[in-house]
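What follows is one structure encoded as structure tokens, with my remarks underneath.
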Amino acid sequence: MAILFAVVARGTTILAKHAWCGGNFLEVTEQILAKIPSENNKLTYSHGKSLNSPQSLLIEWRD
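In the numbering used here, the protein residues as written are 15 to 77.
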């Protein structure tokens, strides 16, 4: 499975991003970043039907 979009963020501030194709990746990323609690947790969020779906997005949160 290819990685189509990558982002580096600190809190809700996006520091770097890159997309290999068009899509609403940034919009979905901003929605998910707004939902992540500020505690020092290690979390993974997914958006979409499945990890094999082109509309899926994973964000891993590490401090």
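Beta carbons are placed, not taken as given, at the ideal position from N, Cα and C, and that holds for glycine.
query	result
With DSSP as the reference, label Thr43 as helix, strand or coil.	helix
State the Cα-Cα distance for the pair Ala20 and His32, rounded to the nearest angstrom.	5 Å
Give the DSSP-derived three-state secondary structure of Ala16 in the structure shown.	coil
The beta strand (DSSP E) spanning Thr26 covers which residue range?	Where Thr26 is concerned, there is no enclosing beta strand (DSSP E), given that its DSSP letter is neither H nor E.
Report the rounded CA-to-CA distance for Asn38 versus Leu29, giving the unit in angstroms.	18 Å
I'd like the list of long-range same chain contacts for Leu47, defined as Cβ closer than 8 Å, with 5 residues on each side in sequence excluded.	Ala23, Gly25, Thr26, Ile28, Ile73
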